[in-house]
């Protein structure tokens, strides 16, 4: 495996082609039918045992799933764009997760690598100097864009799959390549974890392209500071009435939603650490002279740890219920996303640091960075740790053209082969333990 | 009875003495021990059957009763100021209502006259030009003052009692003289009505000195526009905590009370008529750095009619409960006063108009005025009407020195004998029907 | 003119054809290009002097005008549906008011009749039993529908124009037929009044089909209880920021709009009469994890009279400004509609009552009804009264299939010829005074 | 100075007597006339140059000063309890700070020790087992109590003064003993600092008895985590009106205060560190049926550092102003207390740690503890650091009977001589540098 860096470098053009094809066909949370079909197809061809659909996605714990209509249209589009109907069929209802498993002859540990596949709901810029515009791989899907680099993640995952398959005789233990839907909005990990997909994992690795800085060629070995978070929608239903003639006959959903929004922002600070609350969207009412009978509020809470986030969400739910009572309206709440906080495994991280450093392939090797945001990879990591394994989240530095989720986001594709090679080496290393 | 006007005029000095004695010894709601004892004593001496205490006050429906400590102190004061212990004893617990009944030889109707006895909780002015200061009958009781003329009402009631007793051979039917405690805060009428005191009444009369204008010598024969009202106290109890170290451990009663106050003022207008809401008092918290665990809110609702007021109060109670839930605190509510709206009996009012007019004793006789406020006399009137009787509320014009409830309030005592004579004539008239 | 009833009856089929054509091509406020062109064309052919565009609409006082884009598209549609380009041109910018004037040989008074032309922004039902569906005149314009009978009003106005023209020798004085745009949202009358169009009017008449009841064949001679009203939009602009990483850098437009909504509903009741406030629409924010930088609030105030409505609006504007300050955001307010209250002219109304009654054409003649809503006809009426004229608003009873503004609204077309005849007779009568 | 520990131990009875005398005569912020007079008197007798009154208190920056009436009464009481009129005179207006200065023959640094003198506004328990009750030194002043150990601080300060004076030949440089009024409510330090009293100080030391734990015999050498804080009162003034008859004429101070309270708790969290807001007191309104024209809100903000606290206070002030505008009332704000955060001087702290440890007098020596609260000693420390000096805040462990500010608070007097000796040694050490 000494020449793994050369092999990966030789795959660069193929990786760029894969990445640009994915970029051109972005699919957001739970509708990654085309992306997941490509993944499943390639893994199969490489000799992996491939699981998808209900085998790796627990329907009951899927969060923030689009309507059936949206799912159906997305399936149609995927098919029209060349997705294999057999795979799409298995992913019915949005169960677009894929897991590729390979057991090696040499005994060893179970190592999992996790890659997220979904795009953002962002309309890609049309500016001429934007690389995807210049090179002809701008998103073909209105309102969807890979603005967070998940196209790169999938590309790296497929390259790792190929490198490992090529070197399977030298590998030990078992490798699990996990392709997750719906990381945006922290919606997908929980449903994969619920099927037990990482319950046997000894070492878990994931990471992100260019997350924390525009430091091209940097590699960060551990990422801390995952905020626990919950995403909640609240739908208020009252009774409309004519605002001039009979206001007393109405039950005002707009005022309930407004009172909820203000009350939510008055949730007490927590003495044990940082907390956050944001009502990001409020929509209520239909006409100026109609007492409003419908309102929706979309919010999120965060906490420095899961306990603090649970305090915030518990307060939030009680308050939303109470403001509904305040204006005598009904309310229905739905958790549409969420992620816990998670701990760092410093021993594993330190080993990674030594391996990355000794590779001499990165211009800068950082032991640890702070995220200060939420990533539902924490669901996987927490479960692996609960079961006695170790888990680490890394960062692959890449010069970014614009911040994540920005319509001009783009990264330097040079990071793709390097990341693939490094992950392959790490997978081999931890399998041998 | 032609010389009733002369007789009343001859009683003027005595009436002024009575009024000034009462003015000097004001007693607020449910503590009219001295006042009521004087009334009971005089009625007894004049030959009336006298009921008081539990006979005319239903304990279960008394509203806004002071604490036992306050009642005890007031009883002591009344005794020290000459009240008869036998009467005071019967009025134990604040049951300070008195009813004097006289049946006449000639058959006829049951006529009731009602007079309210309580003072305001107002500190009387010390200005030299204020008549009570000048003439030495300023209130001896700190923070209490007859600033609404009820001292005059009691005086008129006692004079009527005397005039009727003197003319009892000429009267027909039955007369009931009702002396009510706690009209301020609309607290006392409900508990008298609940004992059935007006259930047999055919004609009911009450009224007020100088209520609606400073028109000396005016007499208004009917008063409409009684607003229904409810007075409510809400006590919030949460959990204190250190605002710096552990705000998340508190349950904030101050915020609950603040949210309640704002929400209450957002109760919908009513399409069928006027409504009112007022949170008049909010007190919360003990120290700046302590998360507040106690709050009280004192409010009132009003409505053009009882239905509208009930809409307001039903909304108010639900909202108060909901704001307690909003901040996870407990709340206890207490109705401390209230009055319904009531209808006018125009036929009876028209007869009064003719009689007053033909007396030629008043400079101005007005058929009807509008109150636009609340008076719990409406409890009596509503009951009389329910039972098939008729009821009217009048106004006895008198030049006022300042508005009702003002610390400089005073009226022209000339109105006292005139009102007494006119009421006597009306009582005779309706008894004969 | 005795046979005016017969003539009108003979015009029934033509009137129905006109009404159904208008119903099929509804145009909402300020985009009545096709409707107004038809009106202008017909009045011209009948010999009226016809004014439109800037001559009868003051651009500076137009309220709630759609965007230029919407206006342009509506003009295109009108042209494609046969509107005369010459008329459409004159109405550029939405100045779709039309006035037809005819001076008669016989001297007399100036009489104005006013008809409103705009449709609602309501999607018409597709139910088979709905008459327009059954008879093939359902709205061709998505989201627009004549659900308030203005198609009938225009039809009556054109029939009156024809009847008067036919009888011009028998008429006295001057007739002004005023066709107003934008009554819905009370947007159009102010801009017509501002051009002085009724400054010389002695008698002003307007009315509504089936407004107050489903009483087929009823005619109500006077309508009172016009509530003064103002329609206001408030646009809040703050600063977005990431809700997790840097909430302190944001300025929260959503919270400003929520606080405004609640505060607005806490505006004090008014002691002198009914008031109303309704925040009918609130829309704020774009994404759950973004501190919201944009919000809009759409509201209306009403008052039993103009003074009370002005109190409400003055409170509302101060509160909106203050809640913007509260959350450190900017706010822009726009009045998009409004109407004053107005007085009834009972003398004129009484004359109408006699004339309608003596016609023996109506199953029920009602002297006066109460609107309890807003109609910007009050702008015309108020101005006529200020200038010394008299003004009356009537109701033409018609069996309704559903309430006004309902997607199943429909009226009995029998009322059309009757109303036209009656208005013609009234116009003649008041011209002769 | 080797026998300093013995000397201090020998002074124990005297120190206990002093402490109990002070405990018996507690004086809260700005009224420490008796306490400060005793301090000034003793320092003078010991040979210190003594400054007090306007020399050490800048009137313009005094915060939270009681009314003149309260100050006058307190002065009278102090005099009646034996305070020297000459000293009390100099402290007129509440300028009760005292500074004792002694220059030593040997050259060296300027060392300052700071002691706070004021009591709490707490009514001391009457429980028999409470030491001050048992031993007869319970507070003689109703509602005032040394419940935070400042009686101990003053006692230690006076003992240090005596020990240093006794050893002045062995000392180097200059010693400044600073006795500060008004630490409770963080009111007094700012006004002392403003007179320049620590501008020449090289080493500054202060500390607290038993602050962080009940660890008898513990000594903590550095205290970090001082929260910056501001204490603010806001007085709202509106216009009362009768809530039934003319609510529209009022301007509602209660609703302004309620809206302010809720808005204040919705101030955004800060991404850079902990923040706090607490509205601890809200009082508004006088009567249920009167629209409230007066309200007061008492609040505090805190921040992990001064910048965050300033963000909080700047938001708070804008919000209070805006809620006043919201309900059209006036508002007056007054800062009645405050303290910045401050940095730790670890080099100085480490030296202290070595000295304390080597003394072998304490059962436990802790390098650093975390306060997580506010102390206006930070004003002194910040200024010393700005001028190039170093500053440290320590903790003197003592078994507490109840928490600080509790009515049963009491400490173990054993800590007094030990603390005095240790401070004397530290003063000598830093003077010699």
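Residue numbers (this note's numbering), protein chains in the order written: chain A, 29 to 461; chain B, 29 to 461; chain C, 29 to 461; chain D, 29 to 461.
Virtual Cβ for every residue (Gly too), placed ideally from N, Cα, C.
Per-residue burial, residue 446(D) [other beta carbons within 10 Å of its own, 16 or more giving buried]: Taking all protein chains in view, the Cβ of residue 446(D) is crowded by 16 or more other Cβ atoms within 10 Å, so the residue is classified as buried.
Short-range partners of chain C found in the region 319-349 of chain A, where Cβ spacing is below 9 Å: The region 319-349 of chain A vs chain C, Cβ under 9 Å: 319, 320, 323, 326, 327, 328 and 330.
Unbroken alpha helix (DSSP H) run spanning residue 383(A), endpoints: That run of the alpha helix (DSSP H) goes 374-387.
Stretch pair the region 447-461 of chain A + the region 62-74 of chain B: three plus CB contacts closer than 8 Å: Look at the beta carbons and you see the region 447-461 of chain A not touching the region 62-74 of chain B: under three pairs across the two are nearer than 8 Å.
Beta strand (DSSP E) runs wholly inside the region 74-148 of chain D, at least 3 long, in chain order: Every beta strand (DSSP E) of 3 residues or more that sits fully in the region 74-148 of chain D is shown, in chain order, as 77-80, 126-131 and 134-144.
Within 7 Å of chain D by C-beta, residues of the region 438-454 of chain B in sequence order: So nothing in the stretch comes that close.
Integer Cβ distance of residue 132(B) from residue 199(B), believed to fall under 8 Å: Approximately 4 Å separates the beta-carbon atoms of residue 132(B) and residue 199(B); this is inside 8 Å, confirming the contact.
Within 8 Å, strictly: CB atoms of residue 324(C) and residue 229(C): Contact flag unset, no.
Residues within the region 270-288 of chain C neighbouring chain A, beta-carbon criterion of under 7 Å: For the region 270-288 of chain C, the beta-carbon criterion of a distance under 7 Å to any beta-carbon of chain A is satisfied by 271, 272, 273, 275, 282, 283, 286 and 287.
Proximal chain C residues relative to residue 436(A), where beta-carbon distance stays under 9 Å: For residue 436(A), there are no neighbours in chain C by C-beta distance under 9 Å, as the nearest C-beta there is about 17 Å away.
Minimum length 3: unbroken beta strand (DSSP E) runs contained in the region 204-259 of chain B: With a minimum length of 3 residues, the continuous beta strand (DSSP E) runs that stay inside the region 204-259 of chain B are 231-237, 246-248 and 251-254.
Straight-line gap, residue 330(D) to residue 134(A) (C-alpha atoms, nearest Å): When only Cα atoms are considered, residue 330(D) and residue 134(A) end up about 60 Å apart.
Contact set between the region 346-372 of chain C and chain D, restricted to residues whose Cβ is under 9 Å from the partner: Per Cβ criterion, the list reads 346, 347, 349, 350, 351, 352, 353, 354, 355 and 356.
Residue 413(D): first and last residue of the uninterrupted alpha helix (DSSP H) it sits in: Segment 405-414, the alpha helix (DSSP H) holding residue 413(D).
Spatial neighbours of residue 351(C) in its chain, beta-carbon cut-off 7 Å, leaving aside the 5 residues before and after: Taken in chain order, the residues that qualify are 284, 287, 288 and 291.
Segment contact, 8 Å Cβ cut-off, at least three pairs: the region 202-210 of chain A with the region 138-153 of chain A: In short, these stretches touch, since the Cβ pair count reaches three.
Residue 404(B) to residue 337(C) span [Cα, whole Å]: One C-alpha to the other measures close to 33 Å.
Proximity to residue 372(C) [Cα-Cα], best of 340(C), 356(C) and 419(C): Answer by Cα proximity: 419(C).
Whether residue 56(B) touches residue 257(B) by CB criterion (8 Å): It is not a contact, given that the beta carbons lie outside the stated cut-off.
Per-residue contacts from residue 294(A) into chain D (C-beta, under 8 Å): At a beta-carbon threshold of 8 Å, the residues of chain D lying near residue 294(A) are 290, 293 and 294, ordered along the chain.
Buried versus exposed call for residue 95(D) [16 or more other C-beta atoms within 10 Å across all chains shown]: Taking all protein chains in view, the Cβ of residue 95(D) is surrounded by fewer than 16 other Cβ atoms within 10 Å, so the residue is classified as exposed.
Where residue 402(D) meets chain A, residues with beta-carbon distance less than 7 Å: Here the premise fails: no neighbours, minimum Cβ distance about 14 Å.
Neighbouring residues, chain D, relative to residue 307(B) (Cβ below 7 Å): Listed along the chain, the chain D residues whose CB falls inside 7 Å of the CB of residue 307(B) are 282.
Rounded C-alpha distance that separates residue 296(A) from residue 313(A): Residue 296(A) and residue 313(A): Cα-Cα distance of roughly 30 Å.
When 92(A), 264(A) and 81(A) are compared against residue 360(A), the one with the closest alpha-carbon: Nearest option by C-alpha distance: 264(A).
Test item: CB-CB of residue 435(A) and residue 46(A) under 8 Å: Judged by beta-carbon spacing, residue 46(A) lies beyond the 8 Å limit of residue 435(A), meaning their Cβ atoms are not closer than that value.
Residue 192(D), DSSP secondary structure in three states: Residue 192(D) falls in the helix class under three-state DSSP.
Rounded straight-line distance, which links the Cα of residue 34(C) to that of residue 389(C): Cα to Cα, the separation comes out at about 11 Å.
Chain-order list of residues whose beta-carbon lies under 6 Å from that of residue 77(A) (same chain, five-residue window excluded): Apart from sequence neighbours up to five positions away, the residues of its chain that approach residue 77(A) with a beta-carbon distance below 6 Å are 129, ordered along the chain.
Whole-number beta carbon distance between residue 112(C) and residue 65(C), since they are thought to touch under 8 Å: With 8 Å as the limit, residue 65(C) and residue 112(C) qualify as a contact, their Cβ atoms being about 5 Å apart.
Proximity test, Cβ basis, 8 Å: residue 391(D) and chain A: Not an interface residue.
Cβ pair residue 172(D), residue 149(D) closer than 8 Å: Contact flag set, yes.
N-terminal and C-terminal residue of the beta strand (DSSP E) that residue 326(D) is part of: Residue 326(D) -> beta strand (DSSP E) spans 322-331.
Contacts that residue 48(D) makes with chain A (C-beta to C-beta distance below 8 Å): Contact of residue 48(D) with chain A by beta-carbon distance below 8 Å is absent, the smallest such distance being about 36 Å.
Cβ of residue 411(C) within 8 Å of any chain B Cβ: For residue 411(C), no Cβ of chain B is located within less than 8 Å of the residue's own Cβ.
Closer than 7 Å at the beta carbon, the chain C residues around residue 313(A): Result: 308, 309 and 310.
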